[in-house]
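Just below is one structure, and these are the notes that go with it.
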Amino acid sequence: MVLGRAFEDMCAQMYYRGKMFGFVHLYNGQEAVSTGFIKLLKKEDYVVSTYRDHVHALSKGVPARAVMSELFGKTTGCCRGQGGSMHMFSKEHNLLGGFAFIGEGIPVATGAAFTSKYKREVLKEGDSEDVTLAFFGDGTCNNGQFFECLNLAALWKLPIVFVVENNLWAIGMSHLRATSDPEIWKKGPAFGMPGVHVDGMDVLKVREVAKAAIGRARRGEGPTLVECETYRFRGHSLADPDELRDPAEKAHYAARDPIISLKKYIIEKSLASEAELKVIEKKIDEVVEDAVEFANESPLPPRSQLLENVFADPKGFGIGPDGRYRCEDPKFTEGTAHV
Amino acid sequence: MASCLRRYGRRLSVSICEKRELSTACEGKVIQQQQQQQQQQTAKLLNLCSAINQALHLALETDPRSYVFGEDVSFGGVFRCTTGLTERFGKNRVFNTPLCEQGIVGFGIGLAAMGNRAIAEIQFADYIYPAFDQIVNEAAKFRYRSGNQYDCGGLTIRAPYGAVGHGGHYHSQSPEAFFCHVPGIKVVIPRSPQQAKGLLLSCIRDPNPVVFFEPKWLYRLAVEEVPEHDYMLPLSEAEVIREGSDITLVGWGAQLSIMEQACTDAEKDGISCELIDLKTLIPWDKETVETSVRKTGRLLISHEAPVTGGFGAEISASIVERCFLRLEAPVARVCGLDTPFPLVFEPFYMPTKNKILDAIKSTVNY
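These protein sequences, in sequence, are chains A and Y.
Mapping to UniProt numbering: the first sequence position 305 is 305, numbers consecutive.
Mapping to UniProt numbering: the second sequence position 61 is 61, numbers consecutive.
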């Protein structure tokens with residue numbers, strides 16, 4: 001959680017210094033949901049996220065260096081600089097992406113869940129099902145794709161957990177004014193799966209619920225819909241001046257900051273001392289600093305990367321008949337070379 | 001910034017109420033001298049989002065059954081194009097919708113079919129695809145298949161499109177070509193604030209469903225004198241914005257400013273370029289382009305969307321059909337590359353001034 005917070009704060013700094021650009025959406029305040037859920041997963045489990053995906057990537061195990069480089073658009077980033085802030089993918093850590101479009105990731109997650117169920121039941125590989133977690137926000141719960149996937153998952157009893165990060169706001173639209181029944185967890189039973197509501201600012205409570213839901217999926221009992229009530233401390237994106245939200249509401253949730261609550265809990269229960277926590281924080285600062293340095297020093301992608309990976313075979317598209325990348329053809333800059 | 005625009009919007013709306021004409025102005029209408037003087041006095045420097053804001057204010061003022069809706073429109077929208085509308089016209093006419101593009105457009109079609117003017121906003125043109133089904137299968141065919149009993153002419157869909165410098169895959173797309181392939185709807189793209197206000201008012205009042213793409217790059221950057229009164233610009237009429245004799249250039253939206261720079265540079269090399277703003281993509285003004293090509297004998301088309309299957313292909317094919325013997329060089333298309341819109345490589349992907357300049361020279365020296 002602390003890594004997530006420190007990372008996002010550093011992102012904001014780097015953005016305002018002009019090192020990264022584009023639309024960056026920060027996760028401050030919602031760390032408990034990411035940590036609570038993803039830390040219970042195995043490496044083979046899948047995570048599908050939204051555009052607010054930096055911390056999901058970090059929790060799943062993608063190194064901070066790779067995420068920071070991706071944000072800077074460098075070759076060493078997890079997607080080689082192609083995707084940027086909103087599109088974190090990692091084959092190694094089974095992170096199936098950030099999605100700029102709301103709700104687009106949920107059907108993808110459903111497909112991944114079907115694969116793990118098929119692998120176990122038909123191909124008889126492995127002894128328990130790999131679980132897929134689909135993260136999305138409150139605004140997405142009014143979108144058709146969400147409902148279609150709840151139906152599919154319940155129908156086919158897929159090992160998937162739908163995690164709603166209800167932070168009450170979709171850019172400037174309050175969830176309460178956009179939804180006929182604002183209690184999202186109730187939509188689960190309508191499709192035949194359990195719906196659970198949990199306080200998303202408390203990482204231990206989230207972990208309890210996550211354990212139950214993930215356990216259910218792993219045993220093959222089907223999907224669960226978990227609504228986590230959480231809050232984002234910053235604006236929707238770094239370009240959002242965040243004038244619309246009531247300061248009283250912000251203060252209310254700032255008081256329930258997940259990191260501060262967990263710190264208090266740890267110190268009260270004497271699980272660790274203040275000094276030990278400070279050591280952890282210092283280590284994390286070093287990790288984030290190192291990530292920034294690494295990203296700074298990494299090279300920008302070469303121009304040839306622009307034409308790679310449009311189709312499966314780069315030769316038919318990116319590489320011309322003379323064996324060189326088409327973008328190295330001098331006619332390319334004229335716009336008269338055909339690709 | 002937002003509050004500053006809100007204040008500005010209110011001040012402008014007061015002056016509009018005092019001085020506006022009563023009926024919608026058409027190009028051929030005779031304007032009284034007194035009003036003309038007033039109009040000349042009351043043009044203000046506005047950027048694109050303020051011009052669109054003014055147009056929306058006027059549209060809602062003049063028709064009590066017109067509505068503006070979309071994601072986040074009531075606080076002004078993410079680009080502040082809808083500032084001040086909710087405060088002035090109320091939540092019944094200017095309201096937020098949940099995040100469902102298909103629902104937004106379908107709902108707009110229903111409103112329009114009942115005789116209302118529905119002005120739907122899609123937050124970014126990249127997000128219009130869930131609504132593509134409703135636009136293509138319902139909006140475009142409504143009048144046709146009901147035998148003119150019902151129509152959704154009152155529907156106007158506004159969406160910001162195009163590159164913005166840092167948009168990446170999903171905040172920079174130019175989907176106009178997809179919609180140009182659909183008979184039954186109109187596609188309109190303005191190039192500047194003064195054009196945008198007139199064209200948007202025409203689109204809203206046009207008896208056909210229209211998709212209005214606004215170049216988001218120009219929202220703040222383009223500043224122009226925009227008349228404060230209610231005026232409409234004709235649809236399906238292209239405009240020659242720069243006269244020339246050696247080569248015709250055709251474009252729309254933000255790309256025109258880049259083409260203009262290329263034309264100025266080409267002038268220094270002695271090439272006289274004629275620049276045409278297409279304005280309405282379908283139904284497009286073939287006559288104006290044809291007349292120009294008959295004069296110059298050469299054509300170059302430029303747009304941000306990928307070159308294969310882009311609208312430039314349609315223009316090229318039609319002009320070749322009509323002017324084959326007059327053409328002195330192949331029709332050149334300087335467009336985006338055939339890849340998804342890139343993030344870091346954006347300057348390399350875009351049809352830049354230099355690419356256009358190179359193509360002008362090679363076409364003229366063919």
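Just so you know, even glycine gets a beta-carbon here, dropped at the ideal spot from N, CA and C.
- Per DSSP, the continuous alpha helix (DSSP H) segment holding Asn296 (chain A) begins and ends at 274 to 297.
- Residues of chain A with a Cβ closer than 7 Å to the Cβ of Thr339 (chain Y) are, in chain order, Leu306, Leu307, Val310.
- One thing to note: Leu278 (chain Y) has its Cβ within 8 Å of the Cβ of Asp285 (chain Y).
- By a beta-carbon distance limit of 8 Å, Val226 (chain Y) does not contact Ala113 (chain Y). Their separation comes to about 33 Å.
- CA-CA distance, Cys323 (chain Y) to Leu45 (chain Y), rounds to 41 Å.
- Per the coordinates, the alpha-carbon of Ala332 (chain Y) lies some 17 Å from the alpha-carbon of Tyr349 (chain Y).
- Counting C-beta pairs closer than 8 Å gives three or more between the stretch 22 to 37 of chain A and the stretch 206 to 224 of chain A, which meets the contact rule.
- Contact annotation: Phe107 (chain Y) and Thr156 (chain Y) have beta-carbon atoms that are not nearer than 8 Å.
- For the C-beta of Pro215 (chain Y), not a single chain A residue is nearer than 9 Å; the gap to the nearest is close to 18 Å.
- Looking from the CA of Lys157 (chain A), the closest CA among A:Glu92, A:Gly97, A:Leu225 belongs to A:Leu225.
- In the three-state scheme derived from DSSP, where H, G and I count as helix and E and B as strand, Met68 (chain A) is classed as helix.
- Phe135 (chain A) places its beta carbon 8 Å or farther from that of Gly103 (chain A).
- Contact of Leu99 (chain Y) with chain A by beta-carbon distance below 7 Å involves Ile102, Gly139, Thr140, Asn142, Asn143, Ala170.
- Annotation for His197 (chain A): the continuous beta strand (DSSP E) segment containing it runs 195 to 199.
- Less than 8 Å divides the Cβ of Val67 (chain A) from the Cβ of Met88 (chain A).
- The Cβ neighbour count for Asn148 (chain Y), taken over all protein chains shown within 10 Å, is under 16; the residue is labelled exposed.
- With contacts defined by Cβ atoms closer than 8 Å, Tyr129 (chain Y) and Glu214 (chain Y) do not form a contacting pair.
- The residue from Y:Ser245, Y:Ser257, Y:Met232 with its alpha-carbon nearest to that of Val223 (chain Y) is Y:Ser257.
- A direct Cα-to-Cα measurement between Gln102 (chain Y) and Glu71 (chain Y) gives close to 12 Å.
- In the three-state reduction of the DSSP assignment, Pro347 (chain Y) falls in the helix class, which pools H, G and I.
- Contact annotation for Gly167 (chain Y) against chain A: Gly22, Phe23 [CB-CB distance below 8 Å, chain order].
- Residues of chain Y with a Cβ closer than 7 Å to the Cβ of Pro159 (chain A) do not exist, since the nearest Cβ in that chain sits about 27 Å away.
- Between the C-alpha atoms of Asp199 (chain A) and Pro241 (chain A) there is a straight-line separation of about 27 Å.
- For the stretch 136 to 179 of chain A, the continuous alpha helix (DSSP H) assignments of 4+ residues that do not extend past its boundaries occur at 144 to 156, 175 to 178, in sequence order.
- Against chain A, the beta carbon of Leu343 (chain Y) has neighbours under 8 Å at Gly22, Gly73, Gly81, Gln82, Gly83, Gly84, listed in chain order.
- The CB of Arg177 (chain A) comes closer than 8 Å to the CB of Asn96 in chain Y, given here in chain order.
- The Cβ atoms of Cys335 (chain Y) and Asn143 (chain A) lie no closer than 8 Å to each other.
- Excluding residues up to 5 positions away in sequence, Arg65, Gly154 lie with their Cβ nearer than 8 Å to the Cβ of Gly115 (chain Y) in the same chain.
- At a cut-off of 8 Å, the C-beta of Asp72 (chain Y) has a neighbouring C-beta in chain A.
- For Arg333 (chain Y), the enclosing beta strand (DSSP E) has its first and last residue at 332 to 336.
- For Cys180 (chain Y), the secondary structure class from DSSP, reduced to helix, strand or coil, is helix.
- Cys149 (chain A) is not a Cβ neighbour of Ile214 (chain A), given a cutoff of 8 Å.
- The C-beta of Arg303 (chain A) comes closer than 8 Å to at least one C-beta of chain Y.
- Straight-line measurement puts the Cα of Thr50 (chain A) at about 23 Å from the Cα of Gly222 (chain A).
- Burial is judged here by how many other beta carbons sit within 10 angstroms of a residue's own beta carbon; Asp257 (chain A) has at least 16 and is buried.
- Residues of the stretch 74 to 90 of chain Y that bring their beta carbon within less than 7 Å of a beta carbon in chain A comprise Phe75, Val78, in sequence order.
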